[in-house]
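Trainee: Shown below is the structure under consideration.
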């Protein structure tokens, strides 16, 4: 799955190099919440190519993207077969951590949510903007920070 389908770059027109980096990277699997489809963790199958210097750098970047979004990234050594038990154990470790951390994250972010709305469509923080033209010129509004992919607006 492309990282650009999971993550966004704030002000993509000003951060083109980061947007391009994200557009060109993928993870092998994305684990989502059953009821909301909110991403919970990514999964990578690391074969021997991940030992090459350019892949090591790429993996470092992907790790940082997931970390900055407060999402877990599970790395599996790529093999011909996996036992259900070993996959389940690795995923269970992540979910055990998630259930503890989500409570902390929710508490820490809840005060921020009161001041900055989240996009009703994407569920990500919105950005305060100002109308430039038309009847509403000068009026403030919140626009989705995933603009171009999402055009949701909330009046200020």
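Residue numbers (our numbering): 130 to 285.
We put the beta carbon where it would ideally sit given N, CA and C, even for glycine.
Using only alpha-carbon positions, find the residue among 134, 259 and 174 that is nearest to residue 157.
Mentor: Ranking the options by Cα distance to residue 157, first place goes to 174.
Trainee: Kindly indicate which three-state DSSP category residue 268 falls into: helix, strand or coil?
Mentor: DSSP places residue 268 in coil when its eight states are reduced to three.
Trainee: Which class does residue 179 belong to by DSSP, given the choice of helix, strand or coil?
Mentor: Note: residue 179 maps to helix in three-state DSSP.
Trainee: Which two residues bound the contiguous alpha helix (DSSP H) that contains residue 132?
Mentor: Residue 132 -> alpha helix (DSSP H) spans 132-135.
Trainee: Would you mind stating whether residue 133 and residue 152 have Cβ atoms separated by less than 7 Å?
Mentor: Closer than 7 Å, so yes.
Trainee: Can you give the Cα-Cα distance for residue 172 and residue 223, rounded to whole angstroms?
Mentor: Rounded to whole angstroms, residue 172 to residue 223 spans 11 Å at the Cα level.
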